[in-house]
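Q:
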Amino acid sequence: MLTNRESLINEPREILFKNNSEYQHFLNSMMIHFVNRYGMQEVSKWYFEQWCDPRLLAEHGKAYFETFDTAYKSIKNVVPEAHVGGAYDRDYELLTFEALMKQWHTRKILPDFISMYCYLMTEKWSDYDSHVRYVADDSASLTYKRLKMRKEIMEAYDMHMPIIVSEWNMTVVNRNVINDSCAKATFIMDMLMHIYEYVDMVGYWFGTDLFVETEESPNLLDGCCGLLSYHGICKPAFYAMEFMNRQEEYLLGQDKDLMISANGYDNYNIVCANHKELDIQYYMQDEN
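What follows is the structure, given as structure tokens:
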């Protein structure tokens with residue numbers, strides 16, 4: 019079984035479009051298809067994220083900004099009310115978040131939101147390969163500090179749009195027994211309690227174990243990252259997300275293990291979690 023530090027085949031993915039004109043034509047056709055299939059009212063609610071591909075980050079992100087402008091104008095041309103934002107992945111030691119915001123706030127086209135990926139790892143990127151290192155720290159506190167710092171940077175450069183965490187998880191390994199456990203549920207709840215005040219939307223990576231291709235008939239549980247198993251069983255992580263989605267609009271207070279919210283009409287909601295951090299032994303061995 020391979021780990022996240024090994025690969026059977028390492029073949030870089032190509033950028034599909036030769037230039038931004040091709041990209042514009044593709045997005046225009048895609049948006050027209052979406053409107054015809056789902057209707058203008060529905061598609062107007064959608065959020066479109068332009069990923070910050072490391073290969074576009076040279077020259078202070080010049081290629082990325084040009085790609086984003088193309089995506090923004092193409093999508094808005096068909097569906098003006100759709101939300102179009104830019105994603106900041108790990109910096110790959112190529113362009114820091116502050117450098118990205120410093121450049122972006124001077125441009126004519128600004129994103130409707132900034133999306134971020136929050137994984138418990140750092141990654142170094144080169145022309146040939148990337149190296150992943152996990153961070154052995156209080157996971158929720160670490161993510162909270164990162165988001166708080168980035169929120170302050172955005173405000174310093176007058177970038178007052180919402181922050182969306184479009185991907186987050188404690189691991190990217192899909193053969194980790196913790197993914198099927200109650201420990202994963204408490205991780206999710208602890209994380210959401212910590213970052214609640216700094217983000218407008220959070221997307222867990224990912225919804226169902228069907229995301230992972232397998233050549234063999236899957237077991238009842240295989241340690242994949244999804245909220246639902248291959249057979250549609252709701253894992254503890256699913257119920258953690260369900261509990262947190264029941265929270266009301268107004269946050270009344272929170273502590274390390276609980277959060278209290280209300281809707282303004284005498285309806286109160288209290289959610290609790292007993293989260294324990296993994297010890298150093300977890301990070302000293304292969305996850306699978």
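Heads up: the sequence shown begins at 19 in our numbering, then just goes up one per residue. We put the beta carbon where it would ideally sit given N, CA and C, even for glycine.
1) I'd like to know whether the C-beta of A258 is nearer than 8 angstroms to at least one C-beta of chain B.
2) My guess is that F115 and I171 are in contact by the Cβ rule of under 8 angstroms, so how many angstroms apart are they, rounded?
3) Do D240 and R193 have their C-beta atoms within less than 8 angstroms of each other?
4) Quick check for students: name the residue ranges of the alpha helix (DSSP H) that lie wholly in the region 171-254, counting only runs of 4 or more.
5) Tell me which residues share the same chain as I206 and place their Cβ nearer than 8 angstroms to its Cβ, disregarding the 5 neighbours each side in the sequence.
6) Would you report the Cα separation of S279 and C252, rounded to the nearest angstrom?
7) With distance defined between alpha-carbon atoms, name the residue in S39, I196, D218 nearest to I181.
8) Within the same chain, show all residues whose beta-carbon is closer than 7 angstroms to that of D130, passing over the 5 residues directly before and after it, in chain order.
9) Classify Y82 as buried or exposed, calling it buried when 16 or more other Cβ atoms lie within 10 Å of its own Cβ.
10) What three-state label does DSSP hand Q303 in the structure shown?
11) By how many angstroms is the C-alpha of E84 removed from the C-alpha of R73?
12) Buried or exposed for Q265, please, with buried defined as at least 16 other CB atoms from any protein chain shown within 10 angstroms of its CB.
13) Could you give the residue range of the alpha helix (DSSP H) that holds H123?
14) Tell me which residue opens and which closes the alpha helix (DSSP H) that Q42 is part of.
15) Beta carbon of M134, beta carbon of Y106: below 8 angstroms?
16) Determine the extent of the alpha helix (DSSP H) in which H293 is found, giving its start and end residues.
17) Would C200 and F224 be called neighbours here (beta carbons separated by less than 8 angstroms)?
A: Answer, in terms of the structure:
1) Judged by its chain identifiers, the structure shown contains no chain B, having just a single protein chain.
2) Taking the first residue of the sequence shown as position 1, residue 115 is located at position 97. Taking the first residue of the sequence shown as position 1, residue 171 is located at position 153. Sure, about 6 angstroms apart at Cβ, within 8 angstroms.
3) Counting from one through the sequence shown, the residue named residue 240 turns up at place 222. Counting from one through the sequence shown, the residue named residue 193 turns up at place 175. In contact: D240 and R193 (Cβ atoms closer than 8 angstroms).
4) Taking 4 residues as the minimum length, the alpha helix (DSSP H) runs contained wholly in the region 171-254 are 200-213, in order along the chain.
5) Counting from one through the sequence shown, the residue named residue 206 turns up at place 188. Once the five neighbours on either side are set aside, the close Cβ partners of I206 are Y222, A255, A258, M259, M262.
6) Your numbering for residue 279 matches position 261 in the sequence shown. Your numbering for residue 252 matches position 234 in the sequence shown. Cα-Cα distance, rounded: 25 angstroms.
7) Here residue 181 is taken as the residue at index 163 of the sequence shown, counted from 1. Just measuring C-alpha positions, the residue of S39, I196, D218 sitting nearest I181 is D218.
8) Position 112 of the sequence shown, counted from the start, is the residue given in the question as residue 130. Scanning its chain for C-beta atoms nearer than 7 angstroms, with the 5 sequence neighbours on each side dropped, one finds around D130 the residues H101, V102, G103, M179, in chain order.
9) Against the sequence shown, residue 82 aligns to sequence position 64. Buried, since its Cβ has 16 or more Cβ neighbours within 10 Å.
10) Mapped onto the sequence shown, residue 303 falls at position 285. Here Q303 sits in coil by DSSP.
11) For the purposes of this step, residue 73 is taken as residue 55 along the sequence shown, with counting starting at 1. For the purposes of this step, residue 84 is taken as residue 66 along the sequence shown, with counting starting at 1. Their Cα atoms are separated by approximately 13 angstroms.
12) Counted from its first residue, the sequence shown places residue 265 at position 247. In this structure Q265 is buried. Its beta-carbon is surrounded by 16 or more other beta-carbon atoms within 10 angstroms.
13) As a working mapping, residue 123 is identified with position 105 in the sequence shown. For H123, there is no enclosing alpha helix (DSSP H), as DSSP gives it neither H nor E.
14) Position 24 of the sequence shown, counted from the start, is the residue given in the question as residue 42. Per DSSP, Q42 belongs to the alpha helix (DSSP H) from 38-56.
15) Residue 134 sits at position 116 when you count from the first residue of the sequence shown. Residue 106 sits at position 88 when you count from the first residue of the sequence shown. Yes. Within cutoff.
16) To locate residue 293, count along the sequence shown from 1; it is residue 275. Run containing H293: none; DSSP gives neither H nor E here.
17) Position 182 of the sequence shown, counting from 1, holds the residue named residue 200. Position 206 of the sequence shown, counting from 1, holds the residue named residue 224. No; because the gap between Cβ atoms is not below 8 angstroms, this pair is not in contact.
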